[in-house]
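Chains as they are written, first to last, in this note's numbering: chain A, 24 to 453; chain B, 288 to 460. C-beta atoms are modelled at their ideal positions from N, C-alpha and C, and glycine is treated no differently. For reference, the structure is listed below as structure tokens.
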Amino acid sequence: MHAIIEYIQSYLSSDQTPGAAGNWFWATVYVLLVFVGLSVAVIAMNWLERKILAHMQVRLGPMRVGPHGLLQPIADALKLLLKEDIMPAEADKVVFWIAPFIVVLAAFTVFVVVPFGPTHAITDMNIGILFMLGVSSLSVLGIVTAGWASNSHYPLIGALRSSAQMVSYEVAMGLAVISVIVMTSLNPEGTGTLSMIGIVKAQEAQHTWFVFKFFPLGLIGFFIFAVAMVAETNRAPFDLPEAESELTAGFHTEYSGFRWSLFFLAEYSAMIAVSSIAVTLWLGGWLRPFPNALSGPAWDFVFSLFPGLTFLFLGAMCFFNTVRMPKHPLFKIQTIGLGAFGAVLALIGLVLFVPAVRERVGDIFWFAAKVAAFMYLYIWYRGTFPRYRFDQLMKVGWKILLPTGLVLLILTAGAGFLEDPVKEWLKHVL
Amino acid sequence: MNPVATPFFFYLLSATMIIGGILVITRKNAVHSAMALITALLAQAGIYLMLYAPFVAGVQIILYAGGIMVLFLFVIMLISIERTVKERQFNKQWLVGIAAAGALGGLFIAVYTKGKSLFPEGRVSFGEGQNTQDVAALLYDSHKGVYMFSFEIASLLLLVAIIGAVVMAKKRI
Numbered sequence: 024m025h026a027i028i029e030y031i032q033s034y035l036s037s038d039q040t041p042g043a044a045g046n047w048f049w050a051t052v053y054v055l056l057v058f059v060g061l062s063v064a065v066i067a068m069n070w071l072e073r074k075i076l077a078h079m080q081v082r083l084g085p086m087r088v089g090p091h092g093l094l095q096p097i098a099d100a101l102k103l104l105l106k107e108d109i110m111p112a113e114a115d116k117v118v119f120w121i122a123p124f125i126v127v128l129a130a131f132t133v134f135v136v137v138p139f140g141p142t143h144a145i146t147d148m149n150i151g152i153l154f155m156l157g158v159s160s161l162s163v164l165g166i167v168t169a170g171w172a173s174n175s176h177y178p179l180i181g182a183l184r185s186s187a188q189m190v191s192y193e194v195a196m197g198l199a200v201i202s203v204i205v206m207t208s209l210n211p212e213g214t215g216t217l218s219m220i221g222i223v224k225a226q227e228a229q230h231t232w233f234v235f236k237f238f239p240l241g242l243i244g245f246f247i248f249a250v251a252m253v254a255e256t257n258r259a260p261f262d263l264p265e266a267e268s269e270l271t272a273g274f275h276t277e278y279s280g281f282r283w284s285l286f287f288l289a290e291y292s293a294m295i296a297v298s299s300i301a302v303t304l305w306l307g308g309w310l311r312p313f314p315n316a317l318s319g320p321a322w323d324f325v326f327s328l329f330p331g332l333t334f335l336f337l338g339a340m341c342f343f344n345t346v347r348m349p350k351h352p353l354f355k356i357q358t359i360g361l362g363a364f365g366a367v368l369a370l371i372g373l374v375l376f377v378p379a380v381r382e383r384v385g386d387i388f389w390f391a392a393k394v395a396a397f398m399y400l401y402i403w404y405r406g407t408f409p410r411y412r413f414d415q416l417m418k419v420g421w422k423i424l425l426p427t428g429l430v431l432l433i434l435t436a437g438a439g440f441l442e443d444p445v446k447e448w449l450k451h452v453l
Numbered sequence: 288m289n290p291v292a293t294p295f296f297f298y299l300l301s302a303t304m305i306i307g308g309i310l311v312i313t314r315k316n317a318v319h320s321a322m323a324l325i326t327a328l329l330a331q332a333g334i335y336l337m338l339y340a341p342f343v344a345g346v347q348i349i350l351y352a353g354g355i356m357v358l359f360l361f362v363i364m365l366i367s368i369e370r371t372v373k374e375r376q377f378n379k380q381w382l383v384g385i386a387a388a389g390a391l392g393g394l395f396i397a398v399y400t401k402g403k404s405l406f407p408e409g410r411v412s413f414g415e416g417q418n419t420q421d422v423a424a425l426l427y428d429s430h431k432g433v434y435m436f437s438f439e440i441a442s443l444l445l446l447v448a449i450i451g452a453v454v455m456a457k458k459r460i
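This is the structure in structure tokens:
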């Protein structure tokens with residue numbers, strides 16, 4: 024017993040990820056935490072997407088289940104679990120059964136290397152970004168097999184479109200990623216890194232986020248990735264594989280109940296995964312904004328208050344809406360519920376002000392906040408952009424993004440090569 | 288940190304690979320064969336990881352499991368399955384097949400029995416955390432880079448293959 028406690032405590036003083044320290048207990052805890060956090064994020068995204076889309080279209084969105092529809096995702100999940108699970112008679116049973124699991128496994132496995140903080144990752148791999156791109160590219164296998172196994176026309180067409188689209192945009196995505204990896208090698212040793220934590224540390228060492236590096240090269244790379252990642256996750260305006268006006272629901276037309284909810288889960292966690300790649304590679308991962316302009320212990324303190332303030336703000340919003348609730352007795356339970364939810368949020372906010380907690384969650388907060396901005400963008404795209412036609416989609420991928428990516432890679436390498444000589448020369452001239 | 292490259296994982300991954308390989312050639316349905324092949328390729332990536340070569344494992348997943356197999360499936364899905372299930376599965380080249388398998392098996396047995404004298408004693412250990420950098424140094428480093436020429440030749444070969452594919456597929460460019 025004593026040995027076990029010692030084993031558990033031995034990790035607490037280390038400054039490594041549990042995977043690097045080789046500590047089984049904390050690795051399991053981190054895996055569970057990431058899994059739970061991801062599930063909560065998917066549930067929250069479900070509610071937020073419907074709400075934000077509704078507000079963009081001047082509707083109210085879900086309002087009936089719980090105050091402001093807050094319990095709607097839970098009701099939906101229950102409905103999906105209880106729904107009859109239909110398998111088409113002519114479907115390929117085994118493949119039909121396996122396909123959603125391939126997609127979910129691929130979408131969840133990538134979070135092994137996502138760095139929420141310098142030590143807040145399950146593990147750090149030497150091939151981090153390669154692992155993320157590789158495993159997330161496996162999800163296309165699940166989509167293709169799902170479409171084929173349904174033995175039906177619309178799913179097959181959806182699967183064909185999806186595989187063509189994902190394979191095409193993976194190329195442009197890879198080129199944008201390589202330009203960042205070239206940037207990580209701009210240190211005295213001249214050695215780059217593929218490790219996710221290493222990439223953020225390289226940005227810290229170079230005192231800039233890579234999106235601002237070699238302006239506008241970093242920005243262009245970020246833009247290519249931001250477009251490719253929407254196509255890669257089959258979201259609007261690139262959601263041709265599930266274009267409802269043409270293909271009913273694309274590759275998952277024949278899926279229902281629990282199996283369909285697995286596709287849903289995988290789609291949203293894949294969105295979070297690619298967003299966290301973008302955040303890690305270009306937006307400084309867990310680093311707080313304005314580290315150069317607003318530096319020093321005072322500003323560090325101010326920025327460390329943000330997590331608590333965010334939750335206090337959310338709690339205050341809940342209280343504000345509690346007051347605005349209709350005074351009819353039928354709304355009594357909902358009003359109390361919303362007030363209790365606000366109280367919980369405010370309590371979390373207060374806990375986040377405790378210095379010991381504040382120091383440890385700051386990095387996770389900034390990472391999550393940046394990812395959340397991307398998730399909002401996803402919803403915004405869906406609310407505002409019309410869907411591309413398939414030939415336009417291919418044209419954008421192969422004729423615009425790919426050549427731009429190639430030129431960008433060459434220019435980035437050239438800029439990295441010339442950076443020091445030019446600085447020397449400028450010093451000499453001036 | 289204890290090494291995870293225990294014999295248990297080796298046998299597990301090897302068994303997965305062998306079963307996957309047998310399924311590839313015995314399944315009549317081409318999609319099932321392709322999925323078995325993907326399983327075998329992923330297990331192979333696991334073996335690379337056990338050999339402390341994470342970069343090779345990552346490239347294996349991206350290129351074979353994620354890239355080439357998707358294109359395989361893409362083509363296979365358009366084949367009529369009803370027809371292929373009725374096809375005869377084995378052809379008449381079994382004599383050549385037995386000869387080739389016998390030669391390969393003989394090689395394996397020879398390596399297994401005489402392996403100790405064929406390979407140097409002890410193993411070269413590369414740092415797992417530096418694998419990608421080591422590969423890059425072997426390819427491009429001005430002092431250690433001995434494989435640069437062969438690497439460029441291989442990429443030229445691939446370029447020829449790409450151009451050939453485009454020329455063959457599209458008569459009017």
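- At a C-beta separation below 8 Å, residue 287(A) has no neighbours in chain B, since its nearest C-beta there lies roughly 22 Å away.
- Shown here is that no member of the region 275–308 of chain A has a Cβ falling below 8 Å from a Cβ of chain B.
- Interface flag for residue 337(B) against chain A is unset, since no Cβ pair is found closer than 7 Å.
- No Cβ of chain A is located within less than 7 Å of the beta carbon of residue 343(B).
- The C-alpha of residue 330(B) is placed about 9 Å away from the C-alpha of residue 302(B).
- Looking at the backbone, the Cα of residue 340(A) and that of residue 102(A) are separated by about 29 Å.
- A direct Cα-Cα distance of roughly 16 Å separates residue 334(A) from residue 63(A).
- For residue 355(B), no alpha helix (DSSP H) segment is defined, and its DSSP state is neither H nor E.
- Between residue 274(A) and residue 166(A), the beta carbon gap of about 5 Å places them in contact (Cβ cut-off 8 Å).
- Taken through DSSP and simplified to helix, strand or coil, residue 331(B) comes out as helix.
- For the region 393–407 of chain B, no residue has a beta-carbon sitting nearer than 9 Å to a beta-carbon of chain A.
- If you ignore the 5 residues before and after residue 345(A), its C-beta comes within less than 7 Å of the C-beta of 358, 361, 362 and 365, all in its own chain and listed in chain order.
- The beta carbon of residue 357(B) sits closer than 7 Å to some beta carbon of chain A.
- Unbroken beta strand (DSSP E) stretches of 3 residues or longer found wholly inside the region 212–266 of chain A: none.
- Taking C-alpha positions only, residue 276(A) is separated from residue 178(A) by approximately 6 Å.
- The Cβ atoms of residue 40(A) and residue 144(A) sit closer than 7 Å to each other.
- Judged by their CB atoms, residue 197(A) and residue 270(A) are not nearer to each other than the 7 Å cut-off.
- Against residue 299(B), chain A offers no close residue; the least beta-carbon distance is about 17 Å (beta-carbon pairs closer than 9 Å).
- Take the alpha-carbon of residue 156(A) and the one of residue 441(B): they are about 24 Å apart.
- Note on geometry: alpha-carbon atoms of residue 227(A) and residue 328(A) lie some 21 Å from one another.
- When C-beta distances to chain B are compared with 8 Å, every residue of the region 246–271 of chain A stays at or above that value.
- Counting the other Cβ atoms within 10 Å of the Cβ of residue 393(B) gives fewer than 16, which makes it exposed.
- By the criterion of a C-beta distance shorter than 8 Å, residue 285(A) is surrounded in its chain by 123, 124, 126 and 127, once the five residues flanking it on both sides are discounted.
- Within the model, the alpha-carbon separation for residue 358(B) versus residue 161(A) is close to 12 Å.
- CA-CA distance, residue 240(A) to residue 207(A), rounds to 14 Å.
- Counting along the chain, no alpha helix (DSSP H) covers residue 173(A), and no H or E run does either.
- Boundaries for residue 316(A): no alpha helix (DSSP H) harbours it, and the DSSP string shows neither H nor E there.
- A direct Cα-to-Cα measurement between residue 402(A) and residue 72(A) gives close to 6 Å.
- In this chain, the alpha helix (DSSP H) harbouring residue 404(A) covers 378–407.
- Remark: C-beta atoms of residue 353(B) and residue 327(B) do not approach each other more closely than 7 Å.
- Contact check for residue 168(A) against residue 118(A) passes: the beta carbons are separated by less than 7 Å.
- Spanning the alpha carbons of residue 153(A) and residue 229(A) requires a straight line of approximately 22 Å.
- When Cβ-Cβ separations below 7 Å define contact, residue 119(A) makes no contact with chain B.
- Residue-level contact check: residue 175(A) does not touch chain B, since none of the beta carbons of chain B fall below 7 Å from its beta carbon.
- Contact fails between the region 250–268 of chain A and the region 91–101 of chain A, because fewer than three Cβ pairs, one in each stretch, are under 8 Å apart.
- Residue 218(A) counts as buried, since no fewer than 16 other beta carbons sit within 10 angstroms of its beta carbon.
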